[in-house]
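S.K.:
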Amino acid sequence: MSAEDIRTVPKSSELIALEQKGYIIGKKIGQGSYAIVRKAEYVDKSTSRVMKLACKIFDKENAPEDFLVKFFPRELEILTKIDNPHLVQVHSILQRGPRVFIFMRYADNGDLLDHIKRSGTYHIKRG
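With UniProt numbering applied, the sequence shown covers 1 to 127.
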């Protein structure tokens with residue numbers, strides 16, 4: 001496990017707090033410059049329905065100031081405004097201390113880059 005991974009592994013107190021809200025954090029499935037992505041599940045306590053999610057975990061203590069001031073707020077704003085059935089939807093955003101947990105619908109077949117690698121270029125109809 002790299003030093004970067006250690007900084008973004010949820011602490012046991014964070015895992016307990018998330019589990020109390022119905023979230024279960026799983027294995028790492030990706031990473032970016034300032035965050036890692038883990039598989040997750042959400043269990044709706046009223047219906048016992050289980051939803052597969054991806055959880056992007058940012059540790060604000062390890063991101064540069066310009067990212068936190070300019071880019072991170074913009075990313076959060078855009079993610080919360082997306083309303084398209086062909087794009088990944090945000091389930092919820094939680095913050096615990098310096099860490100921000102962004103829960104999104106899990107894409108079983110990977111992301112757009114995975115699709116392009118498997119199938120070649122992707123053409124979008126313009127309306």
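Idealized CB from N, CA, C, for every residue including glycine.
1) Which parts of the region 21-97 are runs of the beta strand (DSSP E), unbroken and 3 residues or longer, counting only runs that do not cross its ends?
2) By DSSP's criteria, Arg105 is part of a beta bridge. Which residues make up the other side?
3) State buried or exposed for Leu87, treating a residue as buried only when at least 16 other CB atoms are found within 10 Å of its CB.
4) Based on DSSP bridge pairs, tell me the residues matched to Arg99.
5) Please report how far the alpha carbon of Asp114 lies from the alpha carbon of Arg38, in whole angstroms.
6) What is the DSSP secondary structure of Ile124, reduced to helix, strand or coil?
7) Note the first and the last residue of the continuous alpha helix (DSSP H) segment covering Lys117.
M.R.: The answer reads as follows:
1) 23-31, 35-43, 50-59, 90-96
2) Here residue 105 corresponds to residue number 105 of the sequence shown, with the count starting at 1. Leu53, per the DSSP bridge assignment.
3) Here residue 87 refers to the residue found at position 87 when the sequence shown is read from its first residue. It counts as exposed.
4) Taking the first residue of the sequence shown as 1, we reach residue 99 at position 99. Answer is Asp59, Arg96.
5) The residue given as residue 114 occupies position 114 in the sequence shown. The residue given as residue 38 occupies position 38 in the sequence shown. Cα-Cα distance, rounded: 17 Å.
6) For this step, residue 124 is matched to residue 124 along the sequence shown. Three-state DSSP puts Ile124 in coil, outside helix and strand.
7) Position 117 of the sequence shown, counting from 1, holds the residue named residue 117. 112-119 is the span of the alpha helix (DSSP H), which, as asked, contains Lys117.
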